[in-house]
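Each residue of the sequence shown is one higher than the last, beginning at 155 in my numbering.
Idealized CB from N, CA, C, for every residue including glycine.
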Amino acid sequence: MRRLFDGFDINITFDGRKQTTIDVSARIDYRWTPLELAGTGVQQALQIFSYVCLFKPSLLLLDEPDSHLHPDNQYLLASALQLVASETETCVIACTHSKHLVDALYGEAHFIWLKKGHLEQQGSDIPRLSLLMDIGALDSFDKIKEGIIDYVILSEDKSFKPLNNLLRAAPLVPGRYLCYSYKTSSALQGAYLLVNFIREIAPNTQVVIHRDRDFMTDEEVGRVRDQITAQGAIPFVTSGSDIESYFCTPGHLSERIGRPEAEINVWISDLINQNQVEIQHAFTRKRDELKYLLYKNQHPVEPPDTLALLGQAPFASDKVVGKFLLKKLRGSMQERFGINVELIDHSARLQINDLRQVFGIPAIPGVA
Numbered sequence: 155m156r157r158l159f160d161g162f163d164i165n166i167t168f169d170g171r172k173q174t175t176i177d178v179s180a181r182i183d184y185r186w187t188p189l190e191l192a193g194t195g196v197q198q199a200l201q202i203f204s205y206v207c208l209f210k211p212s213l214l215l216l217d218e219p220d221s222h223l224h225p226d227n228q229y230l231l232a233s234a235l236q237l238v239a240s241e242t243e244t245c246v247i248a249c250t251h252s253k254h255l256v257d258a259l260y261g262e263a264h265f266i267w268l269k270k271g272h273l274e275q276q277g278s279d280i281p282r283l284s285l286l287m288d289i290g291a292l293d294s295f296d297k298i299k300e301g302i303i304d305y306v307i308l309s310e311d312k313s314f315k316p317l318n319n320l321l322r323a324a325p326l327v328p329g330r331y332l333c334y335s336y337k338t339s340s341a342l343q344g345a346y347l348l349v350n351f352i353r354e355i356a357p358n359t360q361v362v363i364h365r366d367r368d369f370m371t372d373e374e375v376g377r378v379r380d381q382i383t384a385q386g387a388i389p390f391v392t393s394g395s396d397i398e399s400y401f402c403t404p405g406h407l408s409e410r411i412g413r414p415e416a417e418i419n420v421w422i423s424d425l426i427n428q429n430q431v432e433i434q435h436a437f438t439r440k441r442d443e444l445k446y447l448l449y450k451n452q453h454p455v456e457p458p459d460t461l462a463l464l465g466q467a468p469f470a471s472d473k474v475v476g477k478f479l480l481k482k483l484r485g486s487m488q489e490r491f492g493i494n495v496e497l498i499d500h501s502a503r504l505q506i507n508d509l510r511q512v513f514g515i516p517a518i519p520g521v522a
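Below you can see the structure in the form of structure tokens.
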């Protein structure tokens, strides 16, 4: 259990002369709580290992043991199950849809891939199974293979609502594209593997890789675009910090809320002025991440100075994380204007030429 939950412990108290129930407490993250309040994931994991210790089974069948566990704990569960298999006489068979569990056990366990009730493949190194499960591609694998998908968009975001609204405005033909997540900007290598895979099975399908700008300089953006292009994919790097920044522009907000752009500009400026400390911290963290990702093997090349890039307060809107600003906009909309509307939605001001260019759609004159 301590492989899954740091500092885990159990305390059991029972006095038969005074009590009719057994009190069981669990220590999770070094805090004690009654076991019944410890969470479904903790109780499920504890039940699994209790079975192993109490019954010492020759075979342990687990149906989605990763459910109710945080992704980080799912990776740790794989380690714990390997410990059970190596140090006891118990053979473990687990049914799972968890990309995290598959990733952790890939190359270590024997996989049986069932599709529509039939055996598709099996072995310890099924090609790309981990990758396909990682992006949830198994259900749509046939669509890509049959060549009915024009574009596969690999996004570092997990929620596709903002991206789908931008694609709707591009516009792309519904049903002719698919969106998948490759986790984060630091996981581009996984996206590159998928690009090669798609080129093998569907040569006419083009792959677009979305990468948030994250306060990169123009030179850094150029390097990232060149890397993506070299892998045979089409780069889409946001003009703002992230996808959400497109929904924080005065033009889009003006149309969604029904207020003049001048009034929207004042609203945005007020929010930025009220949150300067958080904005500076977020900018600095993002730049620190970029320094590691873009410059770790570039000695003696030095990255630009972070504070010089940030500039002086009050900060410009392009120095603000879109997700952060969008949250502040939503939180203050009712008080400011007396209304609540969905900001991540279609508007005529989402006609973004750099995204249209990605898909070979003619630019709209006069639109940024």
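For residue i, three-class secondary structure by DSSP
i: residue 248; result: strand
i: residue 217; result: strand
i: residue 260; result: coil
i: residue 429; result: coil
i: residue 206; result: helix
i: residue 172; result: coil
i: residue 514; result: coil
i: residue 323; result: helix
i: residue 501; result: coil
i: residue 298; result: helix
i: residue 508; result: helix
i: residue 472; result: helix
i: residue 329; result: coil
i: residue 445; result: helix
i: residue 158; result: coil
i: residue 437; result: helix
i: residue 254; result: helix
i: residue 452; result: coil
i: residue 467; result: coil
i: residue 211; result: coil
i: residue 494; result: coil
i: residue 344; result: helix
i: residue 316; result: helix
i: residue 195; result: helix
Bridge-paired residues (DSSP) for residue i
i: residue 188; result: 179
i: residue 267; result: 275
i: residue 163; result: 181
i: residue 335; result: 309
N- and C-terminal bounds of the alpha helix (DSSP H) containing residue i
i: residue 306; result: No alpha helix (DSSP H) contains residue 306, which is instead part of the beta strand (DSSP E) from 305-309.
i: residue 238; result: 225-241
i: residue 561; result: This structure cannot settle anything about residue 561, because the visible part of the chain is limited to 155 through 522.
i: residue 464; result: 460-464
Chain-order list of residues whose beta-carbon lies under 7 Å from that of residue i (same chain, five-residue window excluded)
i: residue 408; result: 414, 415 and 418
i: residue 215; result: 247
i: residue 464; result: 434, 437 and 473
i: residue 262; result: 236
i: residue 494; result: 487 and 488
i: residue 518; result: 505 and 507
i: residue 234; result: 157 and 158
i: residue 200; result: 155
i: residue 500; result: 319, 322 and 323
i: residue 429; result: 482
i: residue 405; result: 415 and 503
i: residue 467; result: 430
i: residue 187; result: 179 and 180
i: residue 469; result: 426, 430 and 433
Chain-order list of residues whose beta-carbon lies under 6 Å from that of residue i (same chain, five-residue window excluded)
i: residue 303; result: 297, 332 and 359
i: residue 178; result: 166 and 189
i: residue 457; result: 445 and 449
i: residue 390; result: 362, 364 and 512
i: residue 232; result: 255, 258 and 259
i: residue 312; result: 335
i: residue 382; result: 363 and 389
Residues near residue i by beta carbon distance below 8 Å, same chain, minus five either side
i: residue 211; result: 205 and 244
i: residue 228; result: 220, 252, 254, 255 and 258
i: residue 377; result: 448
i: residue 198; result: 219, 221, 222 and 223
Cβ of residue i within 9 Å of any chain C Cβ
i: residue 263; result: The structure shown contains no chain C; it is built from a single protein chain.
task = Quick one: which unbroken alpha helix (DSSP H) runs of 4-plus residues sit fully inside the region 350-427? Chain order, please.
result = 372-384 and 404-411
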